[in-house]
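Residue numbers (the working numbering), protein chains in the order written: chain A, 1 to 406; chain B, 407 to 812. From the three backbone atoms N, C-alpha and C, an ideal C-beta is built for every residue, glycine too. No experiment lies behind these values; they were computed from the predicted model shown.
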């Protein structure tokens, strides 16, 4: 069989995710990996999940093992709607679709919005998982530059004149940079979204993981506030997930959006995989409906991840050569490192792997042929002593590389 | 927001699944529904799943709640490979991808194979869930007629001259007809597939649920046997699932195919939802690795479903008007009823719902403007007394309708 000749044209735009391929290389226990976006497994509420599973299997076992509706479990949709409601904006369960992780939400949004050749505005750099999904649509990406306060909203106007179909961003604790869109820029962005009726995908997997600085409202909330809207009927399409605040293994995410968007997504969801696992929705709901537990758990995650972030930054300050720069996130799982030009992060990765340390080069996160000198570090997954040891090794590799550029 | 103007062109080809919309109407407990493809929930091995979950959470809790590889859990892939291996054909775990139910497999296959306007050969009628997923690709469906022995393979040749990209079928206990492709026709089909190198999607959710008649090998096996192949490297792409033999709520399905197909599907899987729930793969593996239990469970399902099939057929023989015809499946979950022309099954459904009985009209399962006089009955879900009562009511509705045609 000559399979290559049989595959669809769009598959030639596909490639394996660099991140996930690197994760395979780092499976050896001796490798200190800052590559993945993995939560700390020792903080998973294993016992709580066991109790919840026992309880719902005993009470609603037949129901949780059966097929269910594409929209998702009604109680879970109501819970998400309640957690996302804030101030004047009260979100209805009909505005919520449960997905198999937020990656699926991002993927399904492409299917309902994007035609071949459409123009899409994204941050530069942007989330590579979105590009893995959207690239086969053969899109034109308009890149909006970023700084320590997130995308530079003042530079949006010329891009808006290019007739964009959609805008996508991670405004809070961005992947890969860890940076956050400032409140002032959110206000300006909200104003622009209302003015242009531009659909804006707010991907927010990390929003609850803030370790320092003042909280900022979601773009979803600010867009509604700008219009004085009390229901979810604007242009913001919000994607959330339990993966970072509970566990990724259950694959429970959600979309909150105007009803017509949810209605169209439900049709795609039916075609895609019928519905999200009933079992996992019941278990997640049983755990999450205990607000006190969930909030306390998130508080604990924040405490541990704050310590790891601080430890990583402190060790970098001590051991990284002075020519190297990096972001200082107020939350989330990542920071981004920038090497002096013309160093190449993939070449550095080879050296690092030889010392059993791993990270993700960020060139795939950039629009255009830039970012070869950047890489992403995760600080949530490794234990403190491994963070110190791994960053020290990386500092040695970087110093050697800068002395003898590749 | 004028959302309709923003949705992609392909979304205009989408519509909500008739089956799933009818399922919502039938949520009232007084409705006797033969509409869904639901397994009998009282046979779900709830206690066994509880034990398995407890065990794996205790032994590998952190791992089963974490992100995992797109290909799927290695032990589960090996188990599926072993169960599918038969005779000379020994399947390697690398030939297996774990999916979120087999609907996802069908959906992802479209993404790797189908370009706009491609020609695809399907049985007529065919599975509506495949069409829900594939229709937005704006395909040309070539319909191969069927009879009580499945698709009429002798009528394939002219369709093969139209340059088809792919062929899709449920050869065993088809949805919606319940019919099975005979061994002789499988042999002829295998010969054609080898001759034309035509990718053939064998969707096989029901294959293990045989209640009478002689077992037949899968097309996967017969194609390999025809070539004398000992490894999975032919043109058959096999989709299986635990949904009908264990539980649908865990959403565990799989694809078995040549490595290059699996490799391409893994790329789509990464883009689609990263990976299938680690939790559900671990639980399913823990249950299924006990061969004795799983085989005994399937034996029990066969026994109960055989009784329900027989009871439904007997009650139909007694209470359906003689002008009505129906299939007599040897396994699976469904049979299909054909009304005398020009009766319309959707009109009959309205009458039936007024008597609190439901079924699925099959016009959406047909290629071309036919099948308006057909509907599908499920016999696995309802308990015996409800099968008798529901079929009696349906008999009354049919007799009234035939006396006073709509």
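Worksheet item: In chain order, what residues of the region 60–87 of chain A put their CB closer than 8 Å to some CB of chain B?
Response: When CB distances to chain B are screened at a threshold of 8 Å, the residues of the region 60–87 of chain A falling below it are 61, 62, 63, 64, 65, 66, 67, 68, 69, 70, in chain order.
Discussion item. In whole angstroms, give me the CA-to-CA distance for residue 380 of chain A and residue 467 of chain B.
Written reply: Roughly 18 Å between the two C-alpha positions.
Discussion item. On the criterion of 16 or more Cβ atoms from any shown chain inside 10 Å, does residue 186 of chain A qualify as buried, or is it exposed?
Written reply: Residue 186 of chain A should be labelled buried.
Practice prompt. Using a Cβ cut-off of 8 Å, pull out every chain B residue sitting near residue 50 of chain A, in sequence order please.
Written response: Near residue 50 of chain A (Cβ distances below 8 Å), the residues of chain B are 459, 460, 463, 464, 467.
Fill in: Under 9 Å (Cβ pairs) to chain A, residues found in the region 558–571 of chain B
Taking 9 Å as the Cβ-Cβ cut-off against chain A, the residues of the region 558–571 of chain B that qualify are 571.
Discussion item. At 4 residues or longer, what runs of the alpha helix (DSSP H) sit wholly inside the region 442–526 of chain B?
Written reply: Secondary structure remark: continuous alpha helix (DSSP H) runs of at least 4 residues inside the region 442–526 of chain B, in chain order: 452–470, 480–490, 507–519.
Discussion item. For residue 358 of chain A and residue 128 of chain A, which I take to be in contact (beta-carbon distance under 8 Å), what is that distance rounded to the nearest angstrom?
Written reply: Contact flag wrong, Cβ pair sits at about 16 Å.
Worksheet item: Taking 8 Å as the CB-CB limit, is residue 432 of chain B close to chain A?
Response: Using a Cβ-Cβ cut-off of 8 Å, residue 432 of chain B does not count as an interface residue toward chain A, since no Cβ of chain A sits closer than that to its own.
Discussion item. Determine whether the beta carbon atoms of residue 7 of chain A and residue 518 of chain B lie at a separation below 8 Å.
Written reply: Yes, they are a contact pair.
Discussion item. Closer than 9 Å between beta carbons: that is the criterion. Which residues of the region 639–653 of chain B meet it against chain A?
Written reply: Cβ contacts with chain A: 639, 640, 641, 649, 652, 653.
Worksheet item: Taking buried to mean at least 16 other C-beta atoms within 10 Å of its own C-beta, is residue 314 of chain A buried or exposed?
Response: Of the residues assessed, residue 314 of chain A falls on the exposed side of the cut-off, its CB having fewer than 16 other CB atoms within 10 angstroms.
Worksheet item: Can residue 771 of chain B and residue 531 of chain B be called in contact, C-beta distance under 8 Å?
Response: Closer than 8 Å, so yes.
Practice prompt. Using only alpha-carbon positions, find the residue among B:683, B:723, B:507, B:464 that is nearest to residue 271 of chain A.
Written response: Closest by C-alpha distance to residue 271 of chain A, out of B:683, B:723, B:507, B:464, is B:507.
Item to complete: Would you list, in sequence order, the uninterrupted alpha helix (DSSP H) runs of no fewer than 4 residues that lie entirely inside the region 262–346 of chain A?
Response: Fully enclosed alpha helix (DSSP H) runs of 4 or longer: 278–288, 291–319.
Item to complete: Counting only runs of 4+ residues fully inside the region 599–648 of chain B, write out the alpha helix (DSSP H) ranges in chain order.
Response: Whole alpha helix (DSSP H) segments, 4+ residues: 625–633.
Worksheet item: Around the Cβ of residue 230 of chain A, are there at least 16 other Cβ atoms within 10 angstroms (buried) or fewer (exposed)?
Response: So residue 230 of chain A counts as exposed.
Worksheet entry | residue 807 of chain B, DSSP secondary structure in three states | The DSSP-derived three-state label of residue 807 of chain B is helix.
Practice prompt. Taking all protein chains shown into account, decide if residue 195 of chain A is buried (16 or more other Cβ within 10 angstroms of its Cβ) or exposed.
Written response: Residue environment: residue 195 of chain A is assigned as exposed (fewer than 16 neighbouring CB atoms within 10 Å of its CB, all protein chains considered).
Worksheet item: Any contact of the region 477–484 of chain B with the region 618–630 of chain B, i.e. 3+ C-beta pairs under 8 Å?
Response: Of all C-beta pairs linking the region 477–484 of chain B to the region 618–630 of chain B, fewer than three are shorter than 8 Å, placing the two stretches out of contact.
Discussion item. Would the region 91–105 of chain A count as touching the region 113–121 of chain A if we require 3 or more Cβ pairs under 8 Å?
Written reply: Taking one beta carbon from each stretch, the region 91–105 of chain A and the region 113–121 of chain A have fewer than 3 pairs nearer than 8 Å; the two do not touch.
Practice prompt. Could you tell me whether the region 299–306 of chain A touches the region 561–578 of chain B, where touching means 3 or more Cβ pairs closer than 8 Å?
Written response: Output reads no: the region 561–578 of chain B does not touch the region 299–306 of chain A.
Worksheet entry | Buried versus exposed call for residue 683 of chain B [16 or more other C-beta atoms within 10 Å across all chains shown] | Per the 10 Å Cβ criterion, buried.
Worksheet entry | Burial state of residue 9 of chain A, where buried means 16 or more other Cβ atoms lie within 10 Å | Result: exposed.
Worksheet entry | Within 8 Å of chain A by C-beta, residues of the region 650–676 of chain B in sequence order | Answer in chain order: 653, 654, 655, 656, 657, 664, 666, 667, 670, 672, 673, 674, 676.
Practice prompt. Using a Cβ cut-off of 7 Å, pull out every chain A residue sitting near residue 518 of chain B, in sequence order please.
Written response: Correct list: 7, 8, 11.
Discussion item. Determine, for residue 126 of chain A, whether the minimum Cβ-Cβ distance to residues of chain D falls below 8 Å.
Written reply: No chain D is part of this structure, whose protein chains are labelled A and B.
Worksheet item: Can the beta-carbon of residue 797 of chain B be found closer than 8 Å to that of residue 718 of chain B?
Response: Yes, these two residues count as a Cβ contact at 8 Å.
Discussion item. If we define contact as Cβ-Cβ less than 8 Å, is residue 227 of chain A a contact residue for chain B?
Written reply: With 8 Å as the cut-off, residue 227 of chain A does not count as an interface residue toward chain B.
Practice prompt. Can you give me the Cβ contacts of residue 268 of chain A inside the same chain, cut-off strictly under 8 Å, excluding the 5 residues immediately before and after it?
Written response: Closer than 8 Å at the Cβ level, and outside the excluded window around residue 268 of chain A, lie 108, 111, 112.
Worksheet item: Among the residues of its own chain, which have a CB less than 8 Å from the CB of residue 23 of chain A, if the five just before and after it don't count?
Response: The answer, listed in chain order, is 33, 35, 36.
Worksheet item: So what's residue 33 of chain A in DSSP terms, helix, strand or just coil?
Response: Here residue 33 of chain A sits in strand by DSSP.
Worksheet item: Going by Cα to Cα distance, which pick from A:150, A:136, A:198, A:176 is closest to residue 161 of chain A?
Response: Nearest of A:150, A:136, A:198, A:176 to residue 161 of chain A, Cα basis: A:198.
Fill in: Buried versus exposed call for residue 703 of chain B [16 or more other C-beta atoms within 10 Å across all chains shown]
Flag for residue 703 of chain B reads buried.
Worksheet entry | Cβ-based neighbour list, residue 146 of chain A, same chain, cut-off 6 Å, excluding 5 preceding and 5 following | Answer for residue 146 of chain A: 123, listed in chain order.
Practice prompt. Check whether the Cβ of residue 101 of chain A lies closer than 8 Å to any Cβ atom in chain B.
Written response: The Cβ of residue 101 of chain A sits closer than 8 Å to at least one Cβ of chain B.
Discussion item. Contact defined as beta carbons within less than 8 Å: I believe residue 89 of chain A pairs with residue 353 of chain A. What is the distance between those atoms, to the nearest angstrom?
Written reply: At roughly 47 Å, the Cβ-Cβ gap does not stay under 8 Å, so residue 89 of chain A and residue 353 of chain A are not in contact.
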